[in-house]
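Novice:
Residue numbers (this note's numbering): 279 to 606.
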């Protein structure tokens, strides 16, 4: 296929607005700038403290969201990538980090699972009135899904309401193909090629079809990532859950752009639990072969995979935490 001319940029800043964990004692390291313990002036009442108040701490939850800030010349643009699992978690963390939802230019949803979408609710309230902001999704974003573990009753995952999102004023952009933001400097992958032998999807995941009811949906085709190309450094790849397979995603990023150098890989790698733990060694080796400068596994990567990645790439590995800003 013909490569897509992704414009190189001088730098990008990625702020982790939501993740599964928060660690206030982590120190800034390399490109990772940690929030200060004395961050901000926001206080909440704490009647058992002598001061009667305490700093308004950041929220962690089983969800993911990142704010991507790109500066081109004298202009700065911000893209929200995913929105977490609670209505107000992301918007509250933005407030506590002195960030404003009104500065967001566009949104990208990595896929339709609720741990990446529910925070659109609180963001819409904070923006007030009609939002009038583009939201980039894959057409299967709206699908009804469920988890069907053998021997248990299936658990349905509530889907996003299209009418509610449109009614709030969002400009919905649906595309299976790669697409650009910010005049060619941010690339949304669209549907990712599946090329690895070991990344075969989520076998207990199902989707509802009007004809035929519930069917296996292991590939979760709406899973997409964001790619940037930092000049003289290489690709920065940001994922939500990485259902397409983190190795597939990085391979596809290189294929789309024609840029082989991988600078940083961040986000959820979905290697948690007995279904995915068997592929941790193959995934770790393949990621190490890309020789990224930085690896930041987050969200659904899982304890065992995080530690395997840290052991295999000790110089590249950086622990994630809510509120961390990465400057690449």
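Ideal placement from N, C-alpha and C gives every residue a C-beta, glycine not left out.
1) Are the beta-carbon atoms belonging to residue 546 and residue 313 less than 7 Å from one another?
2) What three-state label does DSSP hand residue 468 in the structure shown?
3) Are residue 384 and residue 428 touching if we call contact CB-CB under 7 Å?
4) Could you tell me which uninterrupted alpha helix (DSSP H) segments, each at least 4 residues in length, are contained entirely in the region 377–461, listed from first to last along the chain?
5) Distance, Cα to Cα, residue 580 vs residue 403?
6) What is the DSSP secondary structure of residue 312, counted as helix, strand or coil?
7) Taking the alpha-carbon positions, what's the residue 340 to residue 505 distance?
8) With distances taken Cα to Cα, identify the nearest neighbour of residue 337 among 372, 349, 355 and 305.
9) Taking the DSSP output, what are the residues bridged to residue 494?
10) Whole alpha helix (DSSP H) runs in the region 308–377 with 4 or more residues, listed along the chain?
11) Less than 7 Å between the C-beta atoms of residue 479 and residue 497, yes or no?
12) With burial defined as no fewer than 16 other Cβ atoms inside 10 Å of the residue's Cβ, what is the status of residue 376: buried or exposed?
13) Could you tell me which residues DSSP pairs with residue 298 in its beta bridges?
14) Quick test of the definition: if touching needs 3 or more C-beta pairs under 8 Å, does the region 586–598 touch the region 555–575?
15) What residues match up with residue 595 in a beta bridge as DSSP calls it?
16) Which residue comes first and which comes last in the alpha helix (DSSP H) that contains residue 562?
17) With 16 other CB atoms within 10 Å as the buried threshold, where does residue 332 fall?
18) Could you check whether residue 500 and residue 389 sit closer than 7 Å to each other, using their CB atoms as the reference points?
19) Identify, in the order they occur along the chain, each residue of the same chain with its Cβ nearer than 6 Å to the Cβ of residue 422, setting aside the five sequence neighbours on each side.
20) Would you report the Cα separation of residue 283 and residue 407, rounded to the nearest angstrom?
21) Below 7 Å between beta carbons: does that hold for residue 570 and residue 594?
22) Along the alpha helix (DSSP H) that carries residue 527, what are the first and last residues, could you check?
23) Residue 255: buried (16+ other C-beta within 10 angstroms of its C-beta) or exposed?
24) Tell me which residues share the same chain as residue 530 and place their Cβ nearer than 7 Å to its Cβ, disregarding the 5 neighbours each side in the sequence.
25) Whose C-beta lies closer than 7 Å to the C-beta of residue 323 among residues of the same chain, with five residues either side of it excluded?
26) Going along the chain, which residues of its own chain have a beta-carbon closer than 7 Å to the beta-carbon of residue 281, five neighbours each way excluded?
27) Could you pull out every residue in the same chain whose Cβ sits closer than 7 Å to the Cβ of residue 473, ignoring the five residues on either side in sequence?
Specialist: To lay it out plainly:
1) no
2) In this structure, residue 468 counts as coil in the three-state DSSP scheme.
3) no
4) 398–405 and 440–445
5) 32 Å
6) coil
7) Their Cα atoms are separated by approximately 24 Å.
8) Comparing Cα positions, the closest option is 372.
9) Note: residue 494 is bridge-paired with 484 in the DSSP secondary-structure output.
10) 367–374
11) yes
12) exposed
13) None, per the DSSP bridge assignment.
14) yes
15) 573
16) 558–568
17) exposed
18) Yes, these two residues count as a Cβ contact at 7 Å.
19) Around residue 422: 437 and 486.
20) 37 Å
21) Yes, these two residues count as a Cβ contact at 7 Å.
22) 524–535
23) Because the chain is modelled from 279 through 606, residue 255 falls outside the range shown and cannot be assessed.
24) 467, 470 and 471
25) 330 and 331
26) These residues qualify, in order along the chain: 534, 535 and 536.
27) Cβ neighbours of residue 473 beyond the five flanking positions: 526 and 529.
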